[in-house]
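Visitor: Residue numbers (my numbering): -8 to 90.
Note that beta-carbon positions come from the ideal geometry of N, C-alpha and C, so glycine has one too.
Values in this document were obtained by computation on a predicted structure and should not be read as measured data.
Got a structure for you, questions after.
Okay, here's the thing in structure tokens:
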């Protein structure tokens, strides 16, 4: 039980550090970034990916309860959603189409 608690605490701490460092980097360069449309689109994509992450946690609970109503085809396509989101975020950062 202690190992699970320690693992969960480490995971939560790493997530907070990641979010704080990303926010700090945006804040440090805010004079340049405030009018960049690609940044707002990227932050929106990241928000959707965070929602996807929490929805996956919900699906794990549904599986644990044995209440899954979806077939394997849904999960194959559902698994590809973050790939498209991450590709979109990377393309926005590298190409910066609206600058």
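1) Specify whether the stretch 36 to 44 and the stretch 62 to 80 touch according to this definition: at least 3 beta carbon pairs, one from each stretch, less than 8 Å apart.
2) Tell me whether residue 23 sits in a helix, a strand or coil according to DSSP, three-state version.
3) How many angstroms separate the CA atom of residue 26 from the CA atom of residue 63?
4) Going by DSSP in three states, residue 12 sits in which element: helix, strand or coil?
5) Hey, how far is the Cα of residue 66 from the Cα of residue 47?
6) Distance check for residue 57 and residue 15, CA to CA, integer angstroms please.
7) In chain order, what residues of the same chain have a beta carbon less than 6 Å from the beta carbon of residue 59, not counting five sequence neighbours either side?
8) Could you round the C-beta distance between residue 32 and residue 73 to whole angstroms and report it? I think they count as a contact, below 8 Å.
Guide: The relevant details are as follows:
1) Output reads yes: the stretch 62 to 80 touches the stretch 36 to 44.
2) Position 32 of the chain shown, counted from the start, is the residue given in the question as residue 23. Three-state DSSP puts residue 23 in a helix.
3) The sequence position of residue 26 within the chain shown is 35, counting from 1. The sequence position of residue 63 within the chain shown is 72, counting from 1. Using only the alpha carbons, I get a separation of about 43 Å.
4) Numbered from 1 along the chain shown, position 21 holds the residue referred to as residue 12. Collapsing the DSSP output to three states places residue 12 in a helix.
5) Residue numbering aside, residue 66 sits at position 75 when the chain shown is read from its first letter. Residue numbering aside, residue 47 sits at position 56 when the chain shown is read from its first letter. Answer to the nearest angstrom: the Cα atoms are 10 Å apart.
6) Stepping through the chain shown from its first residue, residue 15 is reached at position 24. Stepping through the chain shown from its first residue, residue 57 is reached at position 66. Take the alpha-carbon of residue 15 and the one of residue 57: they are about 42 Å apart.
7) Here residue 59 refers to the residue found at position 68 of the chain shown. Once the five neighbours on either side are set aside, the close Cβ partners of residue 59 are 53.
8) Residue numbering aside, residue 32 sits at position 41 when the chain shown is read from its first letter. Residue numbering aside, residue 73 sits at position 82 when the chain shown is read from its first letter. Incorrect: roughly 16 Å between the Cβ atoms, too far for contact.
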